[in-house]
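Trainee: Here's a structure for you.
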Amino acid sequence: MPTMKRVEIKAHQHLKEMLRLYFDDLEAASHDAGRRVAWCTSVGPCEILAAFGFAVFFPENHGAMLGAKKMAAELIPYAVGAGYSAETCSYMNCDIGSALTGRSPLTDVYGMAGPPTPDLLVYNTNQCREVQDWFGWFSRKHDAPSLGIMPPRCLGAVTKDHIAFVKHELELLIQKIESQFGVTMDHSKLEESVALSSRASTLWREVLDTAQHQPAAISFWDGLIQMSPVILMRGSQTAIDYYELLLAEMQQRVADGVGAVPGERWRLYWDGMPVWPRIRDLSEKFQELRTVIAASTYCNSWAFEPYEGGDPLEWMARTSLEIFINRDEEYKQQFLTEMIQQFSIDGAIFHNARTCPNNTNSRFGMVERLRQSLDIPVLVIDGDLSDARFFSTAQTMTNVEAFIEQLEERRR
Amino acid sequence: MSDQGFYVGVDAGSSATKCAVIDWHGNLVGCSAVPSGFDYAVASERCLEEALGEAVITWDAVEGSISTGYGREHVKFAGRYLTEITCHARGARQWNPDIRTIVDIGGQDTKVIRINDHGQLVDYRMNAKCAAGTGTFLESIALKLGMSLTALDSLAMESTAKTTINSYCTVFASTEVLERIKAGDPAPDIAMGLFRSIASRTFEMMTSPGQGRVAGTGGVVAYCRSMVRALGELLQDEVIIPPAPQFAGAYGAALEAKERGCGIRAREGAESC
Ligand code: SF4
């Protein structure tokens, strides 16, 4: 089968530079006695940390880098040796293994000594409890406080009581940080940071929505790279400037009829985590099959509701509760249904990630329910976010090819 | 599609390469199986020669060919390749229109394929990557017990009890077998328990057991009557076994080649159809 050349995203050059500056700044902060570094979970209250002036590092991003660099098999055994199960979060295990061995891609790619030493770790268990245990290990190692918020989980409707509860947790978090470090948070800075976060998230959603067009201007594989500003730099003007640039490029693609996958024939949805160590193999396979992954839970569920002034803590509490991963099966099914319809999806792939049940949605009957309600083929592939030992390339490729053959047969 | 030509399907499996030749009516007129070895291209050529010999035709009479199986991309003379899943579904439709589920138990993996009333693929599942629930599970335990898979099968057929080996993991199952031996369980019952373990693993992969007939294909089904028995017990129905279960994929590929009219590639060089 001929492989047609993919069109590169031009804005990506800027992103590379932005990432370099971001990591340079983290490295500088970790060596500057006058600055403090905080570690934060990807959907954690980073706006509060920004308002306090912390340089913020996101260990999940490091976990993904370790996975993408195929380092899991060499690092996880160290975490297992330290008593962490190989069947739990491979981001966490890779990160612990990285700390125990001193091996990190941050050294090769950004010239850093490794992840910056934290003065504080802040988690949000709205995504999983594993983050608490993960940060617990590093808290003990660095003798740095690990604080967190624990919103009610698996929600259907998000109520005022839920929001009030989480808002109170956020207030307590601020108080603890203030007393721990003898500083006071500047509330106007928090407002500013939340407004910037919200704007970046809105722009990110608009970027992703260009994939509703046929052919899709952006694919899941692009999204995995392009979403780094909305995680690492949200709460900053840099992220906004970048997404404005990227959005203009994607809108131009739509106007010119340029797709992320040349000769697009099929449009799929991806639920669950990416398989980081096999991203290249998988994206090439889908390209060869002229199939675009036009939308995904991983990228698309990152877009928060806009902040329109008012209490920034209330906005943070609400977004914390409303994110996809924190919702019940009914909400998730509704979300997936809408995505599948809005993006004109032909079929859906669910990644059953061995070490992340939290980001896996194929374990409680969702696949069968969607098959029946939407009459589309749905495929489940077994794998993992980072640990390639749980992934069979040959078996997955056969599964994917058969899935496309199934779509062809339905169209025949 | 000509009304005189022959069509070839090749299933380049992980342990054996199978070739099926059909005539323009879809009748199976030649087949052959050879070990896949290290080189699928070589194995498929050898297998093709043997199958053409059995069909008493030459390559010139072949109008189309499709390859399938793990080494499908390496079969040089095939006009295109398709997955085993599509090919098995196609083969099943031909044998018996009542078939709705195909259970293919091979050496490396087990597949459960579901088709609808029109013979279209509805969904399919493969076992998660490990030996559990595959022929390798049985072979490995038979080896530990110092017997061949065929001998294990014959032994199991003597069983009259409802013994089940519960462990899915090959290592744990071996330990469980040793415990049963120590406890004095009769050997035929233990052997049958191993086949039931695979059957129950396979049963779990079926999304809608009880809807339509189930067909069994693949090497384990072809060579082990106990496997068919264990599946039948769980399904409470007789499992349909096609005439040459180990050639099911190759046969389906040949049928697809006939219908898709995708042609062949030159035996030397690689001109795609
Ligand atoms: S959501 Fe999954 S991958 Fe992310 S930290 Fe939690 S367990 Fe790990």
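These protein sequences, in sequence, are chains B and H.
FYI, the numbering for the first sequence is 4 to 415, going by the numbering used here.
FYI, the numbering for the second sequence is 1271 to 1543, going by the numbering used here.
Virtual Cβ for every residue (Gly too), placed ideally from N, Cα, C.
Report yes or no: is there a C-beta of chain B within less than 8 Å of the C-beta of residue 1274 of chain H?
Mentor: False, the Cβ-Cβ gap to chain B never drops below 8 Å.
Trainee: Using a Cβ-based criterion (distance less than 7 Å to any ligand heavy atom), does residue 334 of chain B qualify as near the ligand SF4?
Mentor: Outside the cutoff, so no.
Trainee: By DSSP, does residue 1346 of chain H sit in helix, in strand, or in coil?
Mentor: Note: residue 1346 of chain H maps to coil in three-state DSSP.
Trainee: Does any CB atom of chain H fall closer than 8 Å to the CB of residue 287 of chain B?
Mentor: Judged by the 8 Å Cβ criterion, residue 287 of chain B is not in contact with chain H.
Trainee: Using CA atoms only, rank isn't needed, just tell me which of H/1303, H/1420, H/1376 and H/1355 is closest to residue 1488 of chain H.
Mentor: With distances taken between Cα atoms, residue 1488 of chain H lies closest to H/1376.
Trainee: Who are residue 1532 of chain H's beta bridge partners in DSSP?
Mentor: Looking at the DSSP assignment, residue 1532 of chain H forms no beta bridge with any residue, so it has no partner.
Trainee: In angstroms, rounded to a whole number, what distance separates the CA positions of residue 403 of chain B and residue 383 of chain B?
Mentor: Distance between the alpha carbons of residue 403 of chain B and residue 383 of chain B: 10 Å.
Trainee: Can you round the beta-carbon distance between residue 274 of chain B and residue 158 of chain B to whole angstroms, since I take them to be within the 8 Å contact cut?
Mentor: About 19 Å separates the two Cβ atoms, so there is no contact after all.
Trainee: First and last residue of the beta strand (DSSP E) that includes residue 206 of chain B?
Mentor: No beta strand (DSSP E) holds residue 206 of chain B; the alpha helix (DSSP H) holding it covers 190 to 212.
Trainee: Measuring straight from C-alpha to C-alpha, what distance separates residue 150 of chain B and residue 98 of chain B?
Mentor: Computed Cα separation, rounded: 19 Å.
Trainee: Which runs of the alpha helix (DSSP H) at least 4 residues long sit entirely within the segment 109 to 168 of chain B? Give them in chain order.
Mentor: Segments of the alpha helix (DSSP H) lying fully in the segment 109 to 168 of chain B: 133 to 145.
Trainee: Using a Cβ-based criterion (distance less than 7 Å to any ligand heavy atom), does residue 81 of chain B qualify as near the ligand COA?
Mentor: As presented, the structure is devoid of the ligand COA, carrying the ligand SF4 as its sole ligands.
Trainee: Just reading off the alpha helix (DSSP H) that residue 96 of chain B is part of, what are its end residues?
Mentor: Its alpha helix (DSSP H) spans residues 93 to 104.
Trainee: Based on Cα-Cα distance, which residue from H/1509, H/1329 and H/1285 lies nearest to residue 1300 of chain H?
Mentor: Checking every option, the nearest Cα to that of residue 1300 of chain H belongs to H/1329.
Trainee: Spell out whether any CB of chain H is found under 8 Å from the CB atom of residue 293 of chain B.
Mentor: It does not: the Cβ of residue 293 of chain B has no partner Cβ on chain H nearer than 8 Å.
Trainee: For residue 4 of chain B, does the three-state DSSP call read helix, strand or coil?
Mentor: Here the model assigns residue 4 of chain B a pLDDT of 46, short of 50, so the residue's position is not dependable, and the following value carries that caveat. Three-state DSSP puts residue 4 of chain B in coil, outside helix and strand.
Trainee: Compare the C-beta of residue 1355 of chain H against all C-beta atoms of chain B and say whether one is closer than 8 Å.
Mentor: Chain B contact via Cβ: present.
Trainee: Straight-line CA distance for residue 249 of chain B to residue 13 of chain B?
Mentor: Those two C-alpha atoms are separated by around 8 Å.
Trainee: Are residue 351 of chain B and residue 235 of chain B closer than 8 Å when you measure CB to CB?
Mentor: Cβ atoms of residue 351 of chain B and residue 235 of chain B: not closer than 8 Å.
Trainee: So, is the C-beta of residue 1390 of chain H closer than 8 Å to a C-beta in chain B?
Mentor: For residue 1390 of chain H, the answer is yes, since a Cβ of chain B falls inside 8 Å of its Cβ.
Trainee: Roughly how many angstroms separate the alpha carbons of residue 276 of chain B and residue 1422 of chain H, rounded to a whole number?
Mentor: Between residue 276 of chain B and residue 1422 of chain H, the C-alpha separation is close to 42 Å.
Trainee: Output, in chain order, the set of chain H residues within a Cβ distance shorter than 8 Å of residue 408 of chain B.
Mentor: Simply 1352, 1353, 1355, 1356 and 1391.
Trainee: Taking 7 Å as the limit between beta carbons, can you name the residues of its chain near residue 1417 of chain H, skipping five residues before and five after?
Mentor: Result list for residue 1417 of chain H: empty, nothing under 7 Å.
Trainee: Cβ of residue 131 of chain B versus every heavy atom of the ligand SF4: is any distance shorter than 7 Å?
Mentor: Because some heavy atom of the ligand SF4 lies under 7 Å away, the Cβ of residue 131 of chain B counts as near it: yes.
Trainee: Measure the C-alpha to C-alpha separation of residue 366 of chain B and residue 322 of chain B and round it to an integer number of angstroms.
Mentor: Looking at the two C-alpha atoms, the distance is approximately 25 Å.
Trainee: What do you reckon, are the CB atoms on residue 238 of chain B and residue 53 of chain B nearer than 8 Å?
Mentor: Taking 8 Å as the Cβ cut-off, residue 238 of chain B and residue 53 of chain B qualify as a contacting pair.
Trainee: I'd like the list of long-range same chain contacts for residue 385 of chain B, defined as Cβ closer than 6 Å, with 5 residues on each side in sequence excluded.
Mentor: Cβ neighbours of residue 385 of chain B beyond the five flanking positions: 355.
Trainee: Only counting the same chain, and skipping five residues up and downstream in sequence, which positions put a Cβ closer than 6 Å to that of residue 155 of chain B?
Mentor: Around residue 155 of chain B: 165.
Trainee: Considering only residues of the same chain and omitting the five flanking positions on each side of residue 17 of chain B, which have a CB-CB separation below 7 Å?
Mentor: Excluding positions up to five away in sequence, the list reads 245 and 248.
Trainee: Run through DSSP, which three-state label would residue 187 of chain B get?
Mentor: Reduced to three states, the DSSP call for residue 187 of chain B is coil.
Trainee: Quick one: does the C-beta of residue 157 of chain B sit closer than 7 Å to a heavy atom of the ligand SF4?
Mentor: Checking every heavy atom of the ligand SF4 against the Cβ of residue 157 of chain B, none is found closer than 7 Å.
Trainee: At a threshold of 7 Å, does residue 362 of chain B count as lining the ligand SF4 (C-beta to nearest heavy atom)?
Mentor: Checking every heavy atom of the ligand SF4 against the Cβ of residue 362 of chain B, one is found closer than 7 Å.
Trainee: Could you list the residues in the segment 1490 to 1511 of chain H with a C-beta less than 8 Å from some C-beta on chain B, going in chain order?
Mentor: Per Cβ criterion, the list is empty.
Trainee: With a threshold of 16 other CB atoms inside 10 Å of the CB of residue 11 of chain B, please say whether the residue is buried or exposed.
Mentor: Exposed: under 16 other Cβ atoms inside 10 Å.
Trainee: At 7 Å on the CB atoms, spell out the chain B contacts of residue 1462 of chain H, in chain order.
Mentor: In chain order: nothing, as chain B lies at least about 29 Å away.
Trainee: Under a three-way DSSP split, which group does residue 1381 of chain H fall into?
Mentor: Reduced to three states, the DSSP call for residue 1381 of chain H is strand.
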